[in-house]
Amino acid sequence: MFKQSKLVSVLAVAGMALFGAQAAQAQVVKVDGSSTVYPITEAVAEEFQKAKKNAIKVTVGISGTGGGFKKFCRGEIDIANASRPILKKEMDACKEAGIEYIELPVAFDALTVVMNPKNTFLKELTVEQLKAIWEPAAQGKITRWNQVNPAWPDAPIKLFGAGADSGTFDYFTEAVVGKAKSSRGDYTASEDDNVLVQGVSRDVNAIGYFGYAYYAENTGKLKAVPIVEKAGKPAVLPSEDSVIKGTYQPLSRPIFIYINPKSLEKAEVREFIDFYMKNASKLTKEVKYVPLPAKAYTVNMEHVEKKKKGTVFGGTAEVGITIEELQKREAKL
Amino acid sequence: MQPLTTEQIRAVIARGKLKDTIFKALGLFCLSIGLLVIVALIVDMFIKGSERFTLDFFMNFASRRATQAGILSAWVGSLLVMLVTALAAVPLGVAAGLYLEEYAKRNWLTHIIEVNISNLAAVPSIVYGLLALGIFVYQFGFGQSILSAGLTLALLILPIIIVATREAIRAIPAMIREGSMAVGATRWQTCRYHIIPYAMPGILTGVIIGLARAIGETAPIITIGALTFIAFLPPVPFTGEPPAGLFEWVMSPFTVMPIQIFNWTSRPDPAFEVNAAAAGFVLMVMVLSMNAVAIYLRYKMRKNIKW
Numbered sequence: 000m001f002k003q004s005k006l007v008s009v010l011a012v013a014g015m016a017l018f019g020a021q022a023a024q025a026q027v028v029k030v031d032g033s034s035t036v037y038p039i040t041e042a043v044a045e046e047f048q049k050a051k052k053n054a055i056k057v058t059v060g061i062s063g064t065g066g067g068f069k070k071f072c073r074g075e076i077d078i079a080n081a082s083r084p085i086l087k088k089e090m091d092a093c094k095e096a097g098i099e100y101i102e103l104p105v106a107f108d109a110l111t112v113v114m115n116p117k118n119t120f121l122k123e124l125t126v127e128q129l130k131a132i133w134e135p136a137a138q139g140k141i142t143r144w145n146q147v148n149p150a151w152p153d154a155p156i157k158l159f160g161a162g163a164d165s166g167t168f169d170y171f172t173e174a175v176v177g178k179a180k181s182s183r184g185d186y187t188a189s190e191d192d193n194v195l196v197q198g199v200s201r202d203v204n205a206i207g208y209f210g211y212a213y214y215a216e217n218t219g220k221l222k223a224v225p226i227v228e229k230a231g232k233p234a235v236l237p238s239e240d241s242v243i244k245g246t247y248q249p250l251s252r253p254i255f256i257y258i259n260p261k262s263l264e265k266a267e268v269r270e271f272i273d274f275y276m277k278n279a280s281k282l283t284k285e286v287k288y289v290p291l292p293a294k295a296y297t298v299n300m301e302h303v304e305k306k307k308k309g310t311v312f313g314g315t316a317e318v319g320i321t322i323e324e325l326q327k328r329e330a331k332l
Numbered sequence: 000m001q002p003l004t005t006e007q008i009r010a011v012i013a014r015g016k017l018k019d020t021i022f023k024a025l026g027l028f029c030l031s032i033g034l035l036v037i038v039a040l041i042v043d044m045f046i047k048g049s050e051r052f053t054l055d056f057f058m059n060f061a062s063r064r065a066t067q068a069g070i071l072s073a074w075v076g077s078l079l080v081m082l083v084t085a086l087a088a089v090p091l092g093v094a095a096g097l098y099l100e101e102y103a104k105r106n107w108l109t110h111i112i113e114v115n116i117s118n119l120a121a122v123p124s125i126v127y128g129l130l131a132l133g134i135f136v137y138q139f140g141f142g143q144s145i146l147s148a149g150l151t152l153a154l155l156i157l158p159i160i161i162v163a164t165r166e167a168i169r170a171i172p173a174m175i176r177e178g179s180m181a182v183g184a185t186r187w188q189t190c191r192y193h194i195i196p197y198a199m200p201g202i203l204t205g206v207i208i209g210l211a212r213a214i215g216e217t218a219p220i221i222t223i224g225a226l227t228f229i230a231f232l233p234p235v236p237f238t239g240e241p242p243a244g245l246f247e248w249v250m251s252p253f254t255v256m257p258i259q260i261f262n263w264t265s266r267p268d269p270a271f272e273v274n275a276a277a278a279g280f281v282l283m284v285m286v287l288s289m290n291a292v293a294i295y296l297r298y299k300m301r302k303n304i305k306w
């Protein structure tokens, strides 16, 4: 037995060295990137493979928006999932490697600020109050609710939020504090949103933030906090309606897929994208995201058809963009 | 000093016996804590996941709907990765252990090597993952494949196999070697016909315990970039068109059980917790049955050794 296994392993190594490279060329569509976009792409991939009777294989990984762009710019994957637009340094990395991209918005997400359902004093939060709670200067200083608003009780503030590697963290800090990645550090941070759900559901004085889907699946344990963008504006709850109307600001954000135009020459990638755009509206809703208007997906298809490369965001992080605005920009590309 | 009366002697004995009983109870208590925790864990996962134990769960691919999601690609991936791991780690580990025990001279160099093998066994698994990402995935160009994962885990369990091999060889009495050499056998013949067969039960135990550890590893596999959604199987090993087709499976993308469980626990929909519990139970059964096989083989092979 021992002798045989040795022989086999020698053969295996030799075989791999010789033929490994060719063996990898099956009909596979490779997608990787953001965990926020993952549920949508996964749903599309599942339905696509069913529709094609498994003749075309699709793989979807989770390595974060940044991790996904790294792989994308090395040419390892066909499609990158991204919960924010491509940034300047990622554009440079792609340029250096000679890799271009077609940017397609696929849905909207509402970052949701949640509280414990037993919380009686929080009726709404203004962006200014959120900033006072979350900015780096608040660290160790703003620790009780009555420090934010004297009308609120003298109770400790318990904070739960996204980990520093996630696109959610980047977006929330940009939208609330005004600078990406600028946040206080003394809160419970986790990349696993279920940890945050559990944390807030167990503490009356806690608030936290994460993607809308986690709130929507846990409405029994959590309550969303209405957000006031500016003084004088009404408090708005996250919902499909408020995202579409553009009133849930500044915490609604578009999410994207980026396609390598070279991959589009492969029939299987092209078919996958066609399927994605045709079914995105239905599947997006099913996994608790807000779909774009039907028009947006046809515009996306035109961009793919004409291979319109590049981004409409210019490599900077932007907050508070509405669906309407996004569509206007996409049309100009 | 006055001699002790019978009464006093009895008292001393009784005191000694009392301490004995206390220690016994304490020992039993410690043992039962460990056992209870693991039993509670398994029972808990079994109860939570019980509604998913259907054939469909084992034969379905991952899905966005919890009730339809299964572990097919995960358990197949785990088994194939283990196959590569065993094929790579067993010959290397056994040969290294054999060399160190039977061939290597006792000098400072072997001493350093020995110390470092023990050190390697203590290296956190994520470090192996980083190493493998640089070497297997990019340098050798194996990509995010079964091959990369198998070799990474092989590195991880290599020290375990080497140490087990050495322990097993060391347990063989010196007279066996001397007897073999005395009738004119070379060192290799002695190893081939005596040392390796006699050490086999111990080596196998080490191999299987190593594999049981490898099957539950998550960090290094995530580091090299195993996939989360994959709804197809690699080609069946050794069936493709030779010569290239035979090894197509090792280059295939894959997922493994711990990653599937990890993915399910981090989903928004709480229904996936049931899937995670069920998959966790299946993984526990896989590990425990591997250990059971190790015990059985050791028992079986020891019976055949006649010294």
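Protein chains in written order, with numbering that gives the first Met the number 0: chain A, 0 to 332; chain B, 0 to 306.
A virtual CB, placed ideally from N, CA and C, is assigned to each residue, including glycine.
Q: Could you give the DSSP three-state label for residue 47/A: helix, strand or coil?
A: helix
Q. Taking the alpha carbon of residue 114/A as the point to measure from, which residue in 205/A, 178/A and 57/A has its own alpha carbon closest?
A. 205/A
Q: Check whether the stretch 121 to 133 of chain B touches the stretch 219 to 227 of chain B, counting contact only when three or more Cβ pairs, one atom from each stretch, lie closer than 8 Å.
A: Contact between the stretch 121 to 133 of chain B and the stretch 219 to 227 of chain B is present, because at least three Cβ pairs lie under 8 Å.
Q. Can you list the residues of chain B that residue 60/A reaches, using a CB-CB cut of under 7 Å?
A. 224, 226 and 227
**Q.** Cutoff 7 Å: residue 63/B Cβ touching any chain A Cβ
**A.** yes
(Q) Please give me, in chain order, every unbroken run of the beta strand (DSSP E) with length at least 3 that falls completely inside the stretch 249 to 283 of chain A. (A) 251 to 258
Q: Could you list which residues in chain A have their beta carbon closer than 8 Å to that of residue 66/B, in chain order?
A: The premise fails here: residue 66/B is roughly 14 Å from chain A at the closest Cβ pair, so nothing lies under 8 Å.
Q) Which chain E residues are close to residue 268/B, counting only those with a beta carbon under 7 Å from its beta carbon? A) The chain labelled as chain E is not found among the protein chains of the depicted structure, namely A and B.
Q. So, is the C-beta of residue 48/A closer than 7 Å to a C-beta in chain B?
A. yes
Q. Which bits of chain B does residue 298/A rub up against, with CB to CB less than 9 Å?
A. Ordered by position in chain B, no residue passes the 9 Å Cβ test against residue 298/A, which lies about 26 Å from the chain.
(Q) Quick check on this structure: which residue in 123/B, 100/B, 145/B and 296/B has the alpha carbon closest to the alpha carbon of residue 361/B? (A) The question about residue 361/B has no answer here: the residues shown for chain B are numbered 0 through 306.
(Q) Applying the 10 Å Cβ sphere with the 16-neighbour rule, what's the burial state of residue 291/A? (A) buried
Q: Pull up the distance between the alpha-carbon of residue 10/B and that of residue 30/B, whole angstroms please.
A: 30 Å
Q: Give me whichever residues DSSP pairs with residue 229/B in a beta bridge.
A: Within the DSSP secondary-structure output, residue 229/B pairs in a beta bridge with 58/A.
Q. Thinking C-beta only, is residue 237/A closer than 7 Å to residue 211/A?
A. yes
Q. Quick one: what's got a C-beta closer than 6 Å to residue 239/A's C-beta in the same chain, skipping five residues either side?
A. 289
Q: Grab me the residues of residue 3/B's own chain with a C-beta within less than 8 Å of its C-beta, minus the 5 sequence neighbours each way, in chain order.
A: 11
Q. Relative to the alpha-carbon of residue 286/B, which residue among 236/B, 251/B and 206/B has its alpha-carbon at the smallest distance?
A. Closest by C-alpha distance to residue 286/B, out of 236/B, 251/B and 206/B, is 206/B.
Q: Identify every run of the beta strand (DSSP E) within the stretch 106 to 176 of chain A, keeping only runs that are complete inside it and at least 3 residues long; order them along the chain.
A: As far as the stretch 106 to 176 of chain A is concerned, its whole beta strand (DSSP E) runs of at least 3 residues are 111 to 114 and 157 to 161.
**Q.** For residue 249/B, the nearest candidate out of 147/B, 38/B and 135/B (CA to CA)
**A.** 147/B
Q) Does DSSP classify residue 11/B as helix, strand or coil? A) helix
Q. The beta strand (DSSP E) with residue 164/B in it runs from where to where?
A. From DSSP, residue 164/B is part of no beta strand (DSSP E) but of the alpha helix (DSSP H) over 145 to 169.
**Q.** Of the listed residues 263/B, 139/B and 25/B, nearest to residue 34/A (C-alpha basis)
**A.** 263/B
Q) What residues in the stretch 276 to 290 of chain A have a beta carbon less than 8 Å from any beta carbon of chain B? A) Within the stretch 276 to 290 of chain A, the residues whose Cβ lies closer than 8 Å to some Cβ of chain B are 285, 286 and 287, listed in chain order.
Q | Buried versus exposed call for residue 110/B [16 or more other C-beta atoms within 10 Å across all chains shown] | A | Counting the other CB atoms within 10 Å of its CB gives residue 110/B a total below 16, which places it among the exposed residues.
Q. Would you call the CB atoms of residue 143/A and residue 135/A closer than 7 Å?
A. no
Q. Any residues in the stretch 245 to 273 of chain B with a beta carbon nearer than 7 Å to a beta carbon of chain A? Which ones, in chain order?
A. 245, 246, 247, 249, 250, 252, 264, 265, 267, 268 and 269
Q.
Output needed for residue 161/A: all residues of its chain with C-beta closer than 6 Å, excluding positions within five of it in sequence on either side, in chain order.
A. 167 and 168
Q: Could you work out which residues of chain B lie near residue 56/A, taking near to mean beta carbons separated by less than 7 Å?
A: 231
Q.
If I measure Cβ to Cβ from residue 295/A and keep anything under 8 Å in the same chain, skipping five residues before and after, which residues do I get?
A. Here residue 295/A has 104, 322, 325, 326 and 329 as same chain residues with Cβ atoms under 8 Å from its own Cβ, once five neighbours each way along the sequence are excluded.
**Q.** Nonlocal neighbours in the same chain, by C-beta distance under 7 Å from residue 130/A, ignoring five residues either side
**A.** 175 and 176
Q. So, residue 64/A versus residue 29/A, is the Cβ gap smaller than 7 Å?
A. no
Q | Stretch pair the stretch 280 to 289 of chain A + the stretch 222 to 235 of chain A: three plus CB contacts closer than 8 Å | A | no
Q: Would you kindly check if the distance between the Cβ of residue 259/B and the Cβ of residue 73/B is under 7 Å?
A: yes
Q | CA-to-CA distance, residue 93/B to residue 10/A, given in whole angstroms | A | With a pLDDT of 47 at residue 10/A, under the threshold of 50, the predicted position of this residue should be treated as unreliable, though the coordinate-derived value follows. If I take the Cα positions, the gap works out to 18 Å.
Q | Rounded separation between residue 242/A and residue 109/A - CA only | A | 7 Å
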